[in-house]
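Notes to accompany the following structure.
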Amino acid sequence: MARGSTITPTSSRPAPRRPWLTHLPIHVALLMTAGLVLLPYYLMVVTSLKPVREVFTDPFTWIPSRLAWENYVDAWNHAPFGRYFVNSMIISASETAGVLVTSALAGYAFARMRFVGREVLFTLFLGTLMVPGEVQLVPNYITIVRLGWLNSYSALIVPWLASVFGIFLMRQFFAGIPQELQDAATMDGASHWTFLWRVVVPLSTPAFITVALLTFLGSWNALTWPLIVTTTPEMRPVMVGLLSFSGEWGTQPRLLMAAATFSVLPVLVLFFALQRYFIQGIARAGLKF
Amino acid sequence: MAAQDRTDRVLQGAPSRPRRLRRLSENAEAYLFILPAALVLAVFNLFPILYAFFVSLLRWNLIDPVRTFVGLGNYAELLQDPRFLSALANTTYFSVASVAVGLPLALVFAVLLNRTLTGMSWYRTAFFVPYVTSLAAAAMVWHWLYHPDQFGLLNYLIGKLGVSPQRWLLDPGQAMPAVVAVAIWSGLGRDIVIFLAGLQSITAEYYEAAQIDGANRWQVFRYVTLPLLSPTTYFLLVIGMIGAFKVFVLPLFLTQGGPLGRTFTVVYSLYQQGFQYFRMGYAAAQAYALFAVIFIITMLQRRILTGRVHYDT
Numbered sequence: 004m005a006r007g008s009t010i011t012p013t014s015s016r017p018a019p020r021r022p023w024l025t026h027l028p029i030h031v032a033l034l035m036t037a038g039l040v041l042l043p044y045y046l047m048v049v050t051s052l053k054p055v056r057e058v059f060t061d062p063f064t065w066i067p068s069r070l071a072w073e074n075y076v077d078a079w080n081h082a083p084f085g086r087y088f089v090n091s092m093i094i095s096a097s098e099t100a101g102v103l104v105t106s107a108l109a110g111y112a113f114a115r116m117r118f119v120g121r122e123v124l125f126t127l128f129l130g131t132l133m134v135p136g137e138v139q140l141v142p143n144y145i146t147i148v149r150l151g152w153l154n155s156y157s158a159l160i161v162p163w164l165a166s167v168f169g170i171f172l173m174r175q176f177f178a179g180i181p182q183e184l185q186d187a188a189t190m191d192g193a194s195h196w197t198f199l200w201r202v203v204v205p206l207s208t209p210a211f212i213t214v215a216l217l218t219f220l221g222s223w224n225a226l227t228w229p230l231i232v233t234t235t236p237e238m239r240p241v242m243v244g245l246l247s248f249s250g251e252w253g254t255q256p257r258l259l260m261a262a263a264t265f266s267v268l269p270v271l272v273l274f275f276a277l278q279r280y281f282i283q284g285i286a287r288a289g290l291k292f
Numbered sequence: 078m079a080a081q082d083r084t085d086r087v088l089q090g091a092p093s094r095p096r097r098l099r100r101l102s103e104n105a106e107a108y109l110f111i112l113p114a115a116l117v118l119a120v121f122n123l124f125p126i127l128y129a130f131f132v133s134l135l136r137w138n139l140i141d142p143v144r145t146f147v148g149l150g151n152y153a154e155l156l157q158d159p160r161f162l163s164a165l166a167n168t169t170y171f172s173v174a175s176v177a178v179g180l181p182l183a184l185v186f187a188v189l190l191n192r193t194l195t196g197m198s199w200y201r202t203a204f205f206v207p208y209v210t211s212l213a214a215a216a217m218v219w220h221w222l223y224h225p226d227q228f229g230l231l232n233y234l235i236g237k238l239g240v241s242p243q244r245w246l247l248d249p250g251q252a253m254p255a256v257v258a259v260a261i262w263s264g265l266g267r268d269i270v271i272f273l274a275g276l277q278s279i280t281a282e283y284y285e286a287a288q289i290d291g292a293n294r295w296q297v298f299r300y301v302t303l304p305l306l307s308p309t310t311y312f313l314l315v316i317g318m319i320g321a322f323k324v325f326v327l328p329l330f331l332t333q334g335g336p337l338g339r340t341f342t343v344v345y346s347l348y349q350q351g352f353q354y355f356r357m358g359y360a361a362a363q364a365y366a367l368f369a370v371i372f373i374i375t376m377l378q379r380r381i382l383t384g385r386v387h388y389d390t
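In order, the protein sequence lines correspond to chains H and P. At the far end of the first sequence sits residue 292, using this note's numbering, and the numbering has no gaps. At the far end of the second sequence sits residue 390, using this note's numbering, and the numbering has no gaps.
Below is the structure:
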């Protein structure tokens, strides 16, 4: 896991090599806290695999007598989770694709084109970051109702097809591409459009991955907006599905924990596969997406 | 760029025809590039900011075609609504507690992790996982962890230490601290990662100078690390408070705002008024009140703290 990390914890001080033993207290302290932080994950997975009779026991059952995989089947079948997953996939994938395209285009214009009103527009966009998203909930809901979009993919996707954070990140990245490249491309008769897709985009893979990951994550985990604009189970994404599921099956932790496990799985897999981009993105931008 | 600017200015008096055309077409092209993002942002981001204020001046349930203009009536009602006022107090309690405990905790772990030892990036990953886990799923797990009798894992663990089972989320006094704990658990990794980035940007010369002056480890931390880290701390404090004031998903899943309304928050109230009672105007007024509170707190932090933030030049 250490491999490929871009922000490697390096001490700024040139530390003399000490024997491993002197670091033992630090390792013990960190190991214990990391264990505490991960304890809820253990509880989630172990409960999801417990036979019914081992869920409510005193003392607590740390290791189930057998792995009750049927809990997953039960949880999956007690609610339309298949449908929820398809919805979430459609919503998160479209949103991510949309944000990448709109952010790349706008970011390019702000970084590398000269036009009247550039600073004003950019400031206006950035200014919206100061307003808590809750301010837009009521008016956006009214807009969705007026458009007749309640319970539709449009309501869940369209409002999120552009992201100020995405535009900002792309602009920062594109601004760092050497002017000589653009001059050479212009000399060869390339338009802005060609230069963007043929030169800038291939050079900006890290920026694209970071924006894509953070957008996907935010979309998959989003709750408030989908909760408001969906009333039928057919249109619910996974997280809203979880809310109704926890209301219905609240007395059966083994089912709840099985549902929680498969709901977080896609994002956790993505995180472990590409964690350096996640951590880099958060460290650099620090913004909640 | 500078040379180009100069030629532009020289030519500004009498731009030749093809040149003006070219500039016009570059402008048009740039607007086309921005158009898709601008369209979405205008409709769902900028316009709603103004429209929300207009709606906050109405009494309107969305279904009824009649919209009554009530001026600042909704805001006046807010100030006398005990449920909203207690939500505001609860939210303030949550925000102050989660930031006041979470931020120092993150700093401690960031300092511990800021060294070249094997395993450090593994620990960092462990702390970071909760941040990418959906709050909804995490809250479900914590709800089970906080189970109020001897079957709950937490009660089992404190039982080992000889403490009797607690009611946690069902106890009016313990519920909010329990919610705060989940929030800290969830956000710790992000704060650690940002603190680490800040720690690594401090140049080694400062530490060398302190060492030459004979400073001990605590003195180095207190008089070198802490001041040079203050821009990061200030940034985390500001975004931490802003994020905390919007708390909603945790009480929704953990407590439904109870017990006795002790974990009922501002955004929970907004959600209830707007999307369960369909009082659009009143909900919009609550959103603007939240905006105002966040704005005031951010400005206060700026006023009080900017003098103390040291920017390394």
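Cβ coordinates follow ideal geometry from the N, Cα and C atoms, glycine included. Here the structure is a predicted model, which means the values were calculated and not measured.
Per DSSP, what kind of secondary structure is residue i in: helix, strand or coil?
i	result
Thr145/P	strand
Ser14/H	For Ser14/H, the pLDDT reaches just 47, beneath the cut-off of 50, and the residue's location in the model is therefore unreliable, although a value from the coordinates is still provided. Coil at Ser14/H, not helix or strand.
Val87/P	Bear in mind that a pLDDT of 44 at Val87/P, under 50, signals an unreliable position, so the number given afterwards is only what the model happens to contain. It is helical.
Arg69/H	coil
Arg192/P	coil
Lys323/P	coil
Val386/P	coil
Ile140/P	coil
Gly291/P	coil
Ser172/P	helix
Asp77/H	helix
Ala153/P	helix
Ser194/H	coil
Ala115/P	helix
Pro54/H	coil
Pro83/H	coil
Ile285/H	helix
Leu378/P	In the sequence on display, residue 378/P carries Gln and not Leu. Helix, per DSSP.
Arg97/P	helix
Could you check where the alpha helix (DSSP H) with residue i kicks off and where it finishes?
i	result
Asp329/H	For chain H, the structure presents residues 4 to 292; residue 329/H sits outside this window and is missing.
Asn143/H	Leu140 to Leu150
Ser155/H	Note, Ser155/H: premise wrong, no alpha helix (DSSP H); not H, not E.
Gln227/P	Gln227/P -> no alpha helix (DSSP H), and no H or E assigned at all.
Tyr345/P	Val343 to Phe352
Met217/P	Leu212 to Leu222
Glu122/H	Arg121 to Gly130
Tyr45/H	Leu27 to Ser51
Ala261/H	Pro256 to Ala276
Tyr200/P	Met197 to Val209
When the Cα of residue i is compared with those of the options, which residue comes out closest?
i	options	result
Thr36/H	Ser278/P, Leu194/P and Trp262/P	Trp262/P
Asn311/P	Ile373/P, Val386/P, Val185/P and Val343/P	Per the sequence presented here, residue 311/P reads as Tyr, with Asn not at that position. Out of Ile373/P, Val386/P, Val185/P and Val343/P, Val386/P has the C-alpha closest to the C-alpha of Tyr311/P.
Leu24/H	Thr195/P, Ser102/P and Trp295/P	Thr195/P
Glu98/H	Pro162/H, Tyr280/H and Arg115/H	Pro162/H
Ala261/H	Leu230/H, Tyr75/H and Phe84/H	Tyr75/H
Thr342/P	Gln353/P, Tyr354/P and Ala321/P	Ala321/P
Gly275/P	Val301/P, Leu116/P, Gly351/P and Asn122/P	Val301/P
Val272/H	Asn104/P, Leu327/P, Val176/P and Val206/P	Val206/P
Ile160/H	Val232/H, Gly244/H and Ala188/H	Val232/H
Leu216/H	Met242/H, Gly101/H and Thr227/H	Gly101/H
Asp158/P	Val218/P, Ala366/P and Val185/P	Ala366/P
Gln333/P	Gln349/P, Tyr354/P and Met318/P	Gln349/P
Asp268/P	Val138/H, Asn90/H and Ala286/H	Ala286/H
His26/H	Thr193/P, Glu285/P, Ala216/P and Gly338/P	Thr193/P
Leu347/P	Gly317/P, Ala119/P, Leu265/P and Ser133/P	Ser133/P
Val240/P	Met253/P, Leu247/P, Asp226/P and Ala166/P	Asp226/P
Leu189/P	Ile29/H, Ala225/H and Val214/H	Ile29/H
Ala174/P	Ser307/P, Val326/P, Ala369/P and Ala260/P	Ala260/P
Phe186/P	Val143/P, Thr202/P and Phe171/P	Thr202/P
Per DSSP, residue i forms a beta bridge with which residues?
i	result
Arg115/H	Note: Arg115/H sits in no beta bridge, so no partner.
Leu135/P	Phe146/P
**Q.** Whole runs of the alpha helix (DSSP H) within the segment 205 to 251 of chain H, excluding any shorter than 4 residues
**A.** 208 to 224, 227 to 232 and 241 to 251
Q) What runs of the beta strand (DSSP E), each 3 residues or longer, lie entirely inside the segment 163 to 187 of chain H? A) none
(Q) Quick check on the DSSP output: what are the complete alpha helix (DSSP H) runs of length 4 or more inside the segment 239 to 288 of chain P, in order along the chain? (A) 252 to 277
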